[in-house]
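Notes follow the structure.
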Amino acid sequence: MIELINVKKIYKDPNEIVVFENLNLKISENEIIAIIGPSGSGKTTLLNLIGIIDFPDEGEILINSKSVKNLNENEISKLRNEFMGFIFQTSHLINELTILENVLIPSLIKNKFLNGKDLKRAEEILEYLSLYNKKNNLPFEISGGERKRVEIARAIMNNPKIIIADEPTANLDQRLKFSIMEIFSKIRKDFGTTIIFSTHDYEILKYADNVYKIENMNLKRI
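In this text, residue positions in the sequence shown follow the numbering used here: the first is 1, and each later residue adds one.
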């Protein structure tokens with residue numbers, strides 16, 4: 001589904017820093033993958049490469065066996081919006097919009113307008129995640145765990161093939177972090193969605209089919 005081939009990533013800040021060298025990763029359908037590694041090792045950078053938010057200095061990224069190298073900006077944005085769902089480490093909910101309106105954003109970006117079908121799907125997703133009774137609330141009116149579920153709802157609005165989650169259980173207590181991981185497992189089971197997440201928390205690795213550690217500018221399967 002997604003494949004990184006001999007990827008090299010360099011940052012200049014102001015000195016040249018090699019983040020990845022000859023990195024290879026193959027992500028299959030209906031799979032949960034965890035990425036671990038110390039702070040600063042490149043977990044977020046790797047997720048950005050997988051999500052074609054960032055691009056390698058060398059090597060290739062393939063999606064459904066096709067290179068993204070020659071896609072223009074509009075094609076890349078369309079691919080991200082329709083193929084992927086994102087859950088960021090810090091909340092990207094818009095405080096001025098209701099929970100329902102926040103969940104509808106990916107559909108608005110995709111279609112440029114909203115219709116009854118979009119509204120129905122958003123409400124069904126909120127029901128699926130036990131958030132329907134919060135649909136008219138604003139983000140600051142609900143709990144941290146509920147906000148995380150809203151972010152998940154928004155990520156699956158366009159029925160993506162893959163969810164990319166950066167530290168999805170960070171700052172959640174013991175009960176809530178396992179609750180979020182159970183939701184990921186349910187989404188994979190119900191929709192066949194691939195999920196890749198980064199984490200510092202070894203307790204949630206049991207939810208992953210495969211775990212990769214960033215080590216020496218590369219990935220090691222553990």
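We put the CB at the ideal spot given by N, CA and C, even for glycine.
DSSP state of LYS213 mapped onto helix, strand, coil: strand
Report all residues from its chain with a CB closer than 7 Å to the CB of THR45; omit the five preceding and five following residues, and keep chain order. LYS9, VAL19, ASP54
Simplified DSSP assignment, three categories, for PHE270: This structure cannot settle anything about residue 270, because the visible part of the chain is limited to 1 through 222.
CB-CB length for ASN6 against GLY59, believed under 8 Å: 4 Å
Please check if any C-beta of chain D sits within less than 8 Å of the C-beta of ILE61. No chain D appears in the structure shown, which is made up of a single protein chain.
For ASN115, count neighbouring C-beta atoms within 10 Å of its own C-beta (all shown protein chains included) and say buried if the count is 16 or more, exposed if not. exposed
Let me know the beta strand (DSSP E) ranges lying completely inside the stretch 129–210, each 3 residues or longer, listed in chain order. 162–166, 194–198
For ASN30, which three-state DSSP category applies? coil
What three-state label does DSSP hand VAL68 in the structure shown? coil
Which ranges does the beta strand (DSSP E) cover as unbroken runs of at least 3 residues, wholly within the stretch 69–136, from first to last along the chain? 84–87
Using the C-alpha atoms, what's the distance from ILE152 back to VAL103? 9 Å
Residue interval of the beta strand (DSSP E) (run including ILE2): 2–12
Use the C-beta contact count for SER226: other C-beta atoms within 10 angstroms, 16 or more gives buried, fewer gives exposed. Because residue 226 is not part of the residues shown, which for the chain are 1 to 222, the question remains open.
Return helix, strand or coil for ILE61, following the three-state DSSP convention. strand
Same chain only: Cβ atoms within 6 Å of GLU3, ignoring 5 sequence neighbours per side: LYS26, LEU62
According to the Cβ coordinates, are PRO168 and THR193 closer than 8 Å? no
By a C-beta neighbour count over all protein chains shown, 10 Å radius and 16 as the cutoff for buried, is GLY144 buried or exposed? exposed
Neighbour-count burial assignment, LYS43, 16 or more Cβ in a 10 Å radius: buried
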